[in-house]
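Here is the structure we will look at, set down as structure tokens.
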Amino acid sequence: MAKRAKVSEFDQFVVRLPNGMRDQLKARASERDRSMNSEIVDMLETCLRAPPNAQAQMSDETIAALQAEVATLRHHLEFVVREFAEQSGIAPEQVNRIVTTVRLLGTRAE
């Protein structure tokens, strides 16, 4: 049987958590049948294994392809909205407001 390390053999670090986060951690740990400490260590290990700035490592080509896909999806959604509105008898000014909203979807993220 492997010998367990004493608590005094581990580094300790006090962390201040925002209100409610402790309860979230406790629930998450409980779902995985582990201690809060084990859950936090696992989360930190996972985060530290990930490449730094993983999002920033997307190529320009990938970003351009995703932006093109978003534009295509917006176009399709606009078409579906107009077709639905026409079949449902929705007033043209309401349709125009909906379409304007569809065009704005995701523009803050771009």
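Letter by letter, the sequence shown follows residues 1 to 110 of the UniProt record's numbering. Ideal Cβ placement from N, Cα and C applies to all residues, glycine included. For clarity, every value in this text was computed on a predicted model and none was experimentally measured.
- Counting other Cβ atoms within 10 Å of its Cβ, V102 reaches 16 or more and is therefore classed as buried.
- The DSSP-derived three-state label of D33 is coil.
- C-alpha of A50 to C-alpha of H75: approximately 35 Å in a straight line.
- As the crow flies, the alpha-carbon of N19 is around 24 Å from that of L48.
- In the three-state DSSP reduction, K26 falls in the helix class (H, G or I).
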